[in-house]
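Visitor:
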Amino acid sequence: MNSDRRGPELTHGVDPVTFSILSSAFVSLVDEMVEALRDACLSFVIYCGDVSGGMLNARGELVAQGTRDVAVHVGALQPSTQSVIEDFAEVEGGIEEGDVFAFNEPYRGGTHLPDMTFISPIFWEGQLIAFTATKGHWSDVGGPTPGSMNALALDIYAEGLVIPPLKVVSRRVIRHDVKNLIMANIRLPVNSTGDLIAHIEAARVGENRLHTLIEKYGLETVVGSMEGTLDHSERELAAEILRCPEGTWETDDFIDYDPQAPEDGPVRVSLKMTIQHDPPRVIYDMTGSGPPVQSGMNGTRGSTTGALVAGTKYIFPKPLMNAGWLRIIKAIFPETSVVNAIRPYAVCGEVSGAYEKTTACVQRVWAQVAPQRSFAGNFNLEYVVAGGVDDRPGRHNNYFVYYHWHTGGWGGKFGADGRDCGAAIFGLGILNQSSEVIERMWPVTFDRLAPVTDSMGAGQWRGGAGLESVLRAENAGGVRLSYIADRGEEGPGGPRGLFGGEDGIPIRVAKHVGTDQEEDLPIYFADEFVGQHGNFYHVSSGGGGYGDPLEREPEAVLEDVLDRYVSIESALRDYGVVIEVRDADLLDYLIDVKATQDLRAELRAARLNTGEKLP
Amino acid sequence: MAEFRIGVDIGGTFTDWVMADSEGGVQVVKTPTTPDGFGGVFNAMDEAEVTGDRFRSFAHGTTLGTNALIERRLPRVAMVTTRGVTAVLTQAARGSKEDIWDIYHESPRPSIVKPRDRLEVTERTLSSGEVRTPLDEREARAVARILRGRGIRTIAVCFLHSYTNGRNERRMKEIILEEFPEALVRTSHETIPRILEYERFTTTILNVALIPVMIDYLQALEQGLRSRDYPGDVLIVQSAGGLMGVEATSNIPVRTANSGPSAGAIAAREIGALAGFENIIGLDIGGTSTDVSVTLEGQLRTTETWEVEWGHPIMFPAVDIITVGAGGGSVAWFDPGGKLRSGPHSMRAVPGPACYGKGGDQPTNTDAHVVMGNLRPGAMLGGAMEISPELAHKVIHDGIGRRLGGDTVSAAAAVIAVAEANMANAIRLATMRRGLDPRDFALVAFGGAGPFHGARVAAELSIPTVLVPPRPGLTSALGCLMADIRHDLGASMFYGEAAAVDIDEMNERFDEFDAQVRAALDREGIAPESQFVEKTIDMCYAGQWRVFAIPVSGKMTRESLSESVELFRKLYLQRFTFDLGEREVEIHGINVTGTGISDKYRPQAAEQGSAAATASASRQVYWREAGGWVDTPVWSRPSLPVGFRTVGPAVVEQMDSTTLAPPGMSLFVDRHLNLVLDTTGEGGGA
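Keeping their order, the protein sequence lines are chains V and Z. Just so you know, the working numbering puts 981 at position 145 of the first sequence, and the rest follows in order with no gaps. Just so you know, the working numbering puts 411 at position 402 of the second sequence, and the rest follows in order with no gaps.
Shown next as structure tokens:
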């Protein structure tokens, strides 16, 4: 299986129609595996799509990922599989037909510990042909806090159970001792056993599907097409890069602070991008990023590489992403830093911390090269995780673990506003959890779930709206809440605007709102006790604006006022649009055209022109 | 007297009329669609010289709902919702995106209800069904008056957890109607009492928006038919592939939103089955779009929740159809990068392609066909539709050829190649993306433009066999005559475990739905012995959300429920390897489907002919495969007998379409008068 990277358009001896069919079939194989996982899983988090899958070649290189898979997982599947190969390939009876390996070790290709990966070899007539992998966010993987998102962890050992490549299924038989060891260390062993089985089911679906393809098309054709897809993706991305100018561009972003050392101030994530044509390469150099922090905002080499690759995919959405991309995209890391922390630094909040900052840097650096493909800053991912006892009638006082992700505002972009209340950049295939289902599954009630006026950065194309929610515990005992986010009020600010657009608002969290015990909370905490009927308030950021707000059409500002995205005050202050309300119930609003012209002229004259300008 | 069954398909461009007599004979009329939508029906009746008293039934597929939703030609709709919880619609598609990587691809579009028209009232029902906060009636009245003041008559009432208790929604509706009697109000629990607020609210909103659109249309159509002496019911093809009467349609028009394409899918399945195929791809190409359906092992693939527009789900079952904007009227254009593109916008019926001479000034696929010699100017509708070759040449030359350089016919060939790539992609999505290999299928190519492209698109995907039915342009109309009447009802009903089920409550709900579907079938004139009611219970293991619908029958008892649970465990093991036997089985809801068996139309086999037809003429046709003009025999389809064989290049002309057989492709006429093309070049065939 040699891969001739400079070969002609020939796809490893496979005719074009078969190649096209098989390269699509690999993607649908992964989609089918993920579908089986979602069908059979016992946790709502996985059902809602915090999952991904991949098919890899015998060397552990990613051939195909699913169409709706989580971005952060994608970069991780390849090093995870290669860790299995590294540990077992040379061992007698190490990798055998019908095996399934569990894995979650962050420093060797995992993301954070709750992201459990299951990797399985596929054989044909005794020969190792490929691997499949599925990865899902489990409700709990042990450690001191329910949901295993321990904001107080000083190292990995306080974040839960670390699983190196571990054979849980040997020649199609579950190893009960191994399974029991895992389940003895986590909070929801019954549900998690169901999820473990769902991952094994998914592996079986992938194996059957690949066997069917081999029976139909022959081994050589299938393996040839696997190699061909990598070459094809490499060529497609190379063609895109050759259309970009050569050069070097830089940017940076900041994690608010190290929760263990707030006095040290913001933690820098630094990115220098070099584009070269011969050979076509995008080189991302992260030298200059700050040292690892003493809490779980660190990224690992695997997840940060995933952020660089996924961030690039947002700029070039069309080429199929697989290991072929890694022949074009090269990453340079400092010895150890917040974006490539090594054992035993904590990592549970990495997607909120280093990962999110890295993707934001990729957006900003590409904005300088391709302003009409990039976009202003997005809301930062938040983790809300709680555990307690369900005291509702008929629920048998079961222990529960609640995990909820929020939507928020996306950055404005060339020619269009950002998305209102969308999923986070780490996975747009994810569905937000229905509040009707949440209220049925867990002893909680939403008192509020609404888009937030003026949460976004103003701009010629404004950011999308953030979301505010008030979640109340109802008939729940001993609820302990953990929360991990970034870009909060005490940090350097909300999602950044671009080309003169303004920033979105920072995140704010509080508890017991609307009572005399109302209290603001930091954006990073663990094990906060919520009383019987206590509530938790949060507001996610709106997106950053794109372009000068004074260039926005006054009619568009009026539309935003009618739809309560923008207040009358913000219209006046940020956009220089004077709007008169005649009857709010009947939506009778009027733009004062003359006053608007005068005000905009005045604002333009008065302000110091510090904003970046559209090129 | 009442000897004819009528099938009518009203598309954006043409109204197709099929009249089947009791011997299996068929009369057809094709007439332009009128701006009011239904005028073509009466024009067809005049042309066929029949009156309604000779109709036994009247079944009808329409793209009215689909087009209204896609183009958002809908009334302004307001929503009244639970106070504080206004983000449900803002989180469009539950936060997800159609293309998860292309940030500039703006899909989903926002809800049709603008945020300004989402009004809040204080009320709250919990997941248990308990009303924690009764509706604040003072606020409710104030909201009703605001809606009246704004003049928004079409209103959806969407409260959290109403699927489990609709009391607050019902009261809200009453109050709106008291304050604003002219309003049209639909609550979410009466539309579809199922959990998942984004999906339920969206279904409710799209449904209420379509009611005025469909009622006006259906009433006018029904009135017209009455005045022409048709006393019976007008049946509409619904998205799930069954028929439904006017009353039911007026109540749940959103179920007919994919009516036209579904009728075509039914016809493709039946035509393919008669020719001996179990796996069939339906390729329906009309004036504006290409619709692809898949029949696997004799069953049309359906989905539980579907959408006309991505991210705007409709919680009713529907035939799974992939639609792309590629049809005869699709416009060819250059994107900013200078790449030639085709569609999705089209010139529609008016003004239509430039060659129609009605003021169309954009190059379309039909214009390109004229330039390439595929479409003879006198061939369309037997010469009833005038075609101007000069206008076709001019628009292709000016719009495409000048920019590409080279001659006009090469430009026309490029336009067709780009359009056919789009059509092939639609088939890839419907098959390969779902793990199906198109080589295992036969392609049924129909719609006015299907026979132009079927052979080439099939060859591109290595689909071995193409069937072109006898009246390609009227296939969807024929499909209307091949469907049964069908009604679906269902509700979320949660029981943590089967043992906790309130059997009486479940039976009550089943009986209620049973009575509703039977009453609807009665009204549609289905005799009790032809009514079939199927019931299922949605089950899964505790913690799961993907359910299996387990069939049940008769009155439920503890024993029969235990048997159903055992059946669930058995079916689960057929899909998965691991037995979760010890785990509790949960119940998530119930479904009832009522089918009214109608005597359907079946095409009759024709007799073996002499197989000695001669080409009526020949003409110069431009073949991409041959790299230029080839003198090509032209056959008249009505003259081709069963058993006729020839090898391409060939053109087969008939009143409503033209079939192209590229060089080297063999073609024969089967006993149901289908043209069967063999794309493998082996000259065999079925």
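Every residue gets a Cβ at the ideal spot worked out from N, C-alpha and C, and that includes glycine. Because the structure is a prediction, the values reported are computed rather than measured.
(1) Assuming Ala872/V contacts Leu1049/V under a Cβ cut-off of 8 Å, what Cβ separation, rounded to an integer in Å, is found between them?
(2) Check the DSSP bridge columns for Val303/Z and list the partner residues they point to.
(3) Provide the residue span of the beta strand (DSSP E) that contains Asn434/Z, from first to last.
(4) Is it true that the CB of Ile882/V sits closer than 8 Å to the CB of Gly972/V?
(5) Using a Cβ-Cβ cutoff of less than 6 Å, which residues in the same chain neighbour Tyr1373/V once the five nearest sequence positions on both sides are dropped?
(6) Determine, using beta carbons only, whether Ile1111/V and Ala1190/V come nearer to each other than 8 Å.
(7) Can you have a look at Asn1016/V and say buried or exposed, based on whether 16 or more other CB atoms are within 10 angstroms of its CB?
(8) Output the residue ranges of the alpha helix (DSSP H) runs that lie fully inside the stretch 1408-1437 of chain V and measure 4 residues or longer, sorted by chain position.
(9) Within 8 Å of any Cβ in chain Z, is that where the Cβ of Val1273/V sits?
(10) Select from Ala426/Z, Arg480/Z, Ala153/Z, Gly295/Z the residue whose C-alpha is nearest the C-alpha of Ser645/Z.
(11) Considering Cα atoms alone, identify which of Met985/V, Arg1117/V, Gly1263/V, Asp886/V is closest to Arg1071/V.
(12) Starting from Leu1107/V, trace the beta strand (DSSP E) in both directions and tell me its first and last residue.
(13) Where do the ends of the beta strand (DSSP E) carrying Met88/Z lie?
(14) Just the C-alpha distance for Ile109/Z and Met1062/V, rounded to the nearest angstrom, thanks.
(15) Residues in the same chain with beta-carbon distance under 6 Å from Thr602/Z, minus the five sequence neighbours each way, listed in chain order, please.
(16) Going along the stretch 942-975 of chain V in order, which residues come within less than 8 Å of chain Z, judged by CB to CB distance?
(17) Taking all protein chains shown into account, decide if Pro1279/V is buried (16 or more other Cβ within 10 angstroms of its Cβ) or exposed.
(18) Using a C-beta to C-beta distance shorter than 7 Å, which residues of chain V count as neighbours of Pro124/Z?
(19) Buried or exposed for Ser31/Z, please, with buried defined as at least 16 other CB atoms from any protein chain shown within 10 angstroms of its CB.
(20) Would Leu292/Z pass as a contact of Gly70/Z if the rule is Cβ separation under 8 Å?
(21) Need the endpoints of the alpha helix (DSSP H) that Tyr113/Z sits in, please.
(22) Which chain V residues are close to Gly598/Z, counting only those with a beta carbon under 7 Å from its beta carbon?
(23) If Ile931/V and Pro957/V are in contact, beta carbons under 8 Å, what's the gap, nearest whole angstrom?
(24) Report the start-end ranges of each beta strand (DSSP E) in the stretch 1351-1391 of chain V that is 3 residues or longer and not cut off at the edges.
(25) Could you check if Ser355/Z belongs to the surroundings of the ligand PLP, using beta carbon to heavy atom distance under 7 Å?
(26) What does the alpha-carbon distance come out to for the pair Gly1333/V and Ser1210/V?
(27) For Ser645/Z, report the span of its alpha helix (DSSP H) as first-last.
(28) What is the rounded straight-line gap between the Cα of Leu1285/V and the Cα of Leu135/Z?
(29) Go through its chain and collect everything with a Cβ distance to Lys85/Z's Cβ below 6 Å, but skip five positions before and after it.
(30) Buried or exposed for Tyr1239/V, going by 16 or more other Cβ atoms inside 10 Å?
(31) Going along the chain, which residues of its own chain have a beta-carbon closer than 6 Å to the beta-carbon of Gly996/V, five neighbours each way excluded?
(32) Kindly indicate which three-state DSSP category Glu521/Z falls into: helix, strand or coil?
(33) Using a 10 Å radius around the Cβ and a threshold of 16 neighbouring Cβ atoms, would you call Ile19/Z buried or exposed?
(34) Exposed or buried, Ser752/Z, counting other C-beta atoms within 10 Å across all chains shown (16 or more means buried)?
(35) Under a Cβ-count criterion, where at least 16 other Cβ atoms within 10 Å of its own Cβ denotes burial, should Glu1364/V be classed as buried or exposed?
(36) Closest by CA to Arg611/Z, which one among Val166/Z, Lys39/Z, Val38/Z, Arg278/Z?
Guide: Let's see:
(1) With 8 Å as the limit, Ala872/V and Leu1049/V do not qualify as a contact, their Cβ atoms being about 17 Å apart.
(2) Ile290/Z
(3) Not the beta strand (DSSP E): Asn434/Z falls in the alpha helix (DSSP H), residues 417-439.
(4) yes
(5) Val1306, Ala1346, Val1349
(6) no
(7) exposed
(8) none
(9) yes
(10) Arg480/Z
(11) Arg1117/V
(12) 1103-1112
(13) 86-91
(14) 24 Å
(15) Asp497, Glu543
(16) none
(17) buried
(18) Asp1399, Arg1400
(19) exposed
(20) no
(21) Here Tyr113/Z belongs to no alpha helix (DSSP H), and DSSP marks it neither H nor E.
(22) The contacting residues do not exist; Gly598/Z stays about 13 Å from chain V at best.
(23) 5 Å
(24) 1355-1357, 1360-1366, 1371-1375
(25) Absence of the ligand PLP from the depicted structure is noted, as is the absence of any ligand whatsoever, leaving it without description.
(26) 12 Å
(27) No alpha helix (DSSP H) holds Ser645/Z; the beta strand (DSSP E) holding it covers 637-645.
(28) 15 Å
(29) Residue 85/Z is actually Arg in this sequence, not Lys. Contacts found: Ile161.
(30) buried
(31) Leu949, Val977, Gly978, Gly979, Ser984
(32) helix
(33) buried
(34) The question about residue 752/Z has no answer, for chain Z in this structure spans 10 to 695.
(35) buried
(36) Arg278/Z
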